[in-house]
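Worksheet for the structure shown next.
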Amino acid sequence: MSAQKRTTSGVLGGFLAFVGMSVAAGVLVTAAVTPAIAVSGMAATSGINMFENLPSYLEIDELAQKTNVYATNSDGTPKLLASFFDQDREEVTWENISQFAKDAAVAGEDPRFYEHGGIDVQGTARAMLTTYVLKGNTQGGSSITQQYVKNVLVQKAELEAKTEEEKEAAYAEATDPTPDRKLKEMRLAIGLEKKYSKDDILKGYLNIAGYGGRVYGIQTAAQYYFGGVSAKDLKLEQAAALLAIVNNPEKFRLDRPDSETNGANTEVDGKVVPYAATKERRDYILDSMLKYKKITQEQHDAAIKAPIAPVITEPSTGCSTAKDAAFFCDYVYWTILNNEAFGKTQDERKKLLSQGGLDVYTTLDVDLQYAAADAMFRFVPQSDPNIDVGATAVSVQPGTGRVLAMSQNKSFSNDADELAKGNNYTAVNYNTDLDYGGSSGFQPGSTYKIFTLAEWIKEGHSLNEYVNAYKRSDWGTFNDSCDGPQSYGGGFAPNNDEGGNGGSWSALFNTVNSENTGFVAMAKQLDLCGIRKTAESFGVHRANNDPLQQGASSILGTNEIAPVTMAEAFAGVAANGVVCKPIVIDKIVKQDGTELTPPSAECAQSVDPKVTAAMAYAMQRVMSQGTGSTSNGRTDPQVPMIGKTGTTDNNEATWMSGASTKVATTVGVFNVTGHVNLRDTYFNGTQAAVIRHQIWPAIMSAANAKYGGDGFPDADPSSLKTVYATVPDVRGKSIQEAQQLIEAAGFGFADGGAQDSELPAGQVSGTDPSGDAPRGSLVTAYTSNGAMVLMPNVVGLSEGDAKNQLKGQFSVKTTEVEVTDPGKVGIVQSSDPGAGAGVKPGSQVTISIGKLKADKPDKPGKG
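Our numbering puts the first residue of the sequence shown at 127, with every later residue one more than the last.
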């Protein structure tokens, strides 16, 4: 509304407000310009009593500053991964602010700053007259101290707000241009001047002021608008331009070249002037600096000629700026959000991240992360028209739980527009649990078998102990001490990858070759609940925090587990049973230099070292001669390594997990959604199912080169012993009875078919082996075909009687044998075969007949 159209009552109201404000201002100005009198009480008047209840003390809290997340380079220097902030601010000391910026602030905003006691009388009077009497645009007229007070009050109000609506309301209240608020601001400014030096106030003002958008503070503004330059290195024209922004942050900001309010496309002398409005304000500040002799004429003229030329350097906002390490960064973010040490509620923790100014130093190994990301993107596409492909790699340090690398085949983004572009982008971290920004997990396949192996050793079994690993349609009843005996009928009949009907195999053989039926046979002799508890002792849990399933199929890897959890478990084996929770933060430093305690890995001796030594013995052989040999052979340099492969049903996910004593790594390639067989899928001519054996050795080659690796402990002899048992004598039994007796004794059973025997046809004629044999080894039982008869006992009969008895059944051959007893002459002394032996009818038998031994003459004596 124009001044000519104002009503009489409006003019009168404005005038009265001006008078009231003038009285109050006069009192406060008196206190400001004559602090000694005010403090001593000599200037006390009835006017001062009007304001004695106004607050005069303002607590200056720590500024809201961005949180920075760092990795550490090999040379020990920090590498910024990302920042989190509501206000992008980095507070700096007085010495680290350019003198040009300090002088520009005073000359442009408050030339009498170093003379008044907190209030610029002339500016205040002018502002009140314009605002309250003439009703023109609201005028500032505020000193730098007053502006600093207002900014502090705004920040306090915003920091206390819990929602965006509360924050907006708090800002509106703190900036409401009413006489009451102005009086309070003036009184606080006077109090502030009594407590702090002018330089401290100016430094605080430059650090708290807004410079457009979410840019706050002179340091961040300098870095953002001018290519990363520090506040202490600002040139004159740069400093003046930044202080121009402070006057109207949204209008004068320098990252919107098309802003009409900032004079876009304005021409001067036929040339377009970038950021014309900001330049006009900048030049005003330069003129003022010259007027108050802060710069020379030459400096002024050169700066005036300089164009506004911002070089925008985007701040590291959120984890997307961490690029290849973005998913690791997101894990750090969720680690803080989920830990009550950083606030009672998640909202409080978010506020700490975005306003607390923390320096978070992470566990990330830059070299290993590079190797992981490089291998990931060399071998796995971000997307493919035929499969929703996912791939992960995560490395953990045994004995500490420190996550050294984390990568996946996607670009991280929380931006809805980017996510809509396709499945190249995702905000889901496939490596982590659901409540840490992850998925619901993935079936780890046969890598999960190591927990059955651990329980096998834990329960006193040997790696060289055999089990009946023949394929069958009904595995019978499994022991489960938690839920009771479990039977699965014909619905559980796993196959082995190589096909066939299985065999009688040792636990070592089962591990080296990843035999499904072998591990089911091992589980048959164990407790399903015990296997589940052993997995939990290695830190294993489902990614969605549901309880681990413990049915017979679960031992083959059907629980959905986060890859970082599997890496943690393998690290536990490599650390001799010391199991640590994965951690991603080494140190957190607050603004004041003190430290917050990061989450603990809670390392503990959770598994008997004798158990992990035996596991390592078997898993080293997986790498040297078993399913992990491809990865092992491609790793250079070589150090002792353990490992285990895994493939899920229909080859929908393939895994390689393993470790040296220094680094454990899990790599997976899988279907994120859908059901595509990886053995039928190729990327750049390489079968998708074998890509794990390209990524894993690339990462572990870098790990071995940097960290090396020690030998694993020798397995305890008890875990390598061969246990013997007596094979039951089943001759004369039916084949069914023989099988029951042999399997009940702990042996594998095989039907060897019929063989020649004197026993009735169909009866078991013998076993191989018989007597003592390794427990669990294969015993083959043979049945009689009834084709043989028993050799009768003819020893002691006369030759004639013996031939008569054998006549018609066998062909008889006789031989003589010397005897000394005349009574044995002509008598059968032995037979071949012997009495009771099975002999085919018509075959030849030999009988030996006694013949008197002739006396030999004496030898002649010597003469």
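By construction, the Cβ of each residue, glycine as well, lies at the ideal position given by its N, Cα and C atoms.
Since the structure is predicted, the reported quantities are computational estimates derived from the model, not experimental observations.
Consult DSSP for residue i and reduce its assignment to one of helix, strand or coil.
| i | result |
| --- | --- |
| THR773 | strand |
| ASN919 | coil |
| THR198 | strand |
| GLU884 | coil |
| MET767 | coil |
| SER845 | helix |
| TYR596 | coil |
| LYS397 | strand |
| GLY139 | Any reading at GLY139 must be qualified, since the residue scores a pLDDT of 42, below 50, and its modelled position is unreliable; the value itself is stated next. Here GLY139 sits in helix by DSSP. |
| TRP631 | strand |
| ASP485 | strand |
Return the CA-CA distance between residue i and residue j, expressed in angstroms with no decimal places.
| i | j | result |
| --- | --- | --- |
| ARG658 | GLU284 | 49 Å |
| GLN423 | PHE211 | 41 Å |
| THR346 | ILE371 | 13 Å |
| ALA647 | ASP514 | 35 Å |
| ARG382 | PRO375 | 12 Å |
| SER269 | ALA231 | 11 Å |
| ASP413 | THR447 | 40 Å |
| GLY902 | LEU652 | 14 Å |
| SER845 | ILE462 | 43 Å |
| PHE635 | GLY754 | 14 Å |
| VAL951 | THR972 | 17 Å |
| PHE503 | ALA208 | 21 Å |
| ALA730 | PRO524 | 12 Å |
| LYS477 | LYS205 | 24 Å |
| LYS939 | THR909 | 30 Å |
| GLN881 | TRP601 | 30 Å |
| TYR833 | THR791 | 13 Å |
| GLY644 | ASN594 | 7 Å |
| ALA501 | MET826 | 11 Å |
| PHE936 | ILE953 | 19 Å |
| MET741 | ILE583 | 8 Å |
Check whether the Cβ atoms of residue i and residue j lie closer than 8 Å to each other.
| i | j | result |
| --- | --- | --- |
| GLY343 | ARG215 | yes |
| GLY710 | TYR457 | The residue you asked about is not Gly; residue 710 is Val in the sequence shown. Yes, Cβ-Cβ distance for VAL710 and TYR457 is below 8 Å. |
| PRO689 | VAL798 | no |
| ASN702 | VAL765 | no |
| CYS706 | THR526 | yes |
| ASP898 | ALA851 | yes |
| LEU189 | GLN281 | yes |
| ILE714 | VAL486 | yes |
| ALA531 | ASP491 | yes |
| GLU591 | SER630 | no |
| PHE604 | LEU654 | yes |
| LEU932 | TYR743 | no |
| SER599 | ALA619 | yes |
Identify every residue that forms a DSSP beta bridge with residue i.
| i | result |
| --- | --- |
| MET532 | VAL520 |
| GLY976 | VAL943 |
| ASN555 | GLY564 |
| ALA851 | ALA899 |
| ASP514 | THR799 |
| ALA204 | Residue identity check: residue 204 is Pro in the sequence provided, not Ala. Paired residue(s): THR198. |
| VAL341 | ASP214 |
| ALA876 | THR906 |
| LEU722 | ILE714 |
| TYR808 | GLN813 |
| PHE538 | THR552 |
For residue i, would you say it is in contact with chain D, using Cβ-to-Cβ distances shorter than 8 Å as the test?
| i | result |
| --- | --- |
| PHE875 | The displayed structure is made up of one protein chain only, and chain D is not part of it. |
Below 8 Å, how does it come out for the segment 623 to 635 and the segment 668 to 682: are there three or more Cβ pairs, yes or no?
They do not touch, by the three-pair rule.
Is it the case that the segment 693 to 704 contacts the segment 664 to 671, given that we only count it when at least three CB pairs across the two stretches are under 8 Å?
Enough Cβ pairs lie closer than 8 Å, so yes.
Could you tell me whether the segment 763 to 776 touches the segment 562 to 581, using the rule of 3 or more Cβ pairs below 8 Å?
Yes: the two stretches touch, three or more of their Cβ pairs being nearer than 8 Å.
Would you call the segment 803 to 810 and the segment 776 to 786 in contact, with 3 or more CB pairs under 8 Å?
A contact exists between the segment 803 to 810 and the segment 776 to 786.
Inter-stretch contact (C-beta, 8 Å, three-pair minimum) for the segment 350 to 368 and the segment 221 to 241:
Judged by pairs of C-beta atoms under 8 Å, the segment 350 to 368 touches the segment 221 to 241, as three or more such pairs exist.
Given 8 Å, three or more beta-carbon pairs between the segment 445 to 459 and the segment 524 to 543
Cβ pair count under 8 Å is three or more, so yes.
Check whether the segment 949 to 961 touches the segment 909 to 927, taking contact to mean three or more Cβ pairs, one atom from each stretch, closer than 8 Å.
Taking a cut-off of 8 Å on C-beta distances, the segment 949 to 961 touches the segment 909 to 927, as three or more cross pairs fall below it.
Do three or more CB pairs link the segment 301 to 311 to the segment 320 to 338 at distances below 8 Å?
Too few Cβ pairs lie closer than 8 Å, so no.
Report yes or no: do three or more beta-carbon pairs, one from the segment 543 to 554 and one from the segment 502 to 510, lie closer than 8 Å?
The segment 543 to 554, when compared against the segment 502 to 510, does touch it at the 8 Å Cβ threshold.
Three or more beta-carbon pairs under 8 Å between the segment 874 to 893 and the segment 851 to 861, yes or no?
Short answer: they touch.
Within 8 Å, do at least three Cβ pairs link the segment 815 to 827 to the segment 742 to 761?
Contact annotation: the segment 742 to 761 touches the segment 815 to 827, with at least three C-beta pairs closer than 8 Å.
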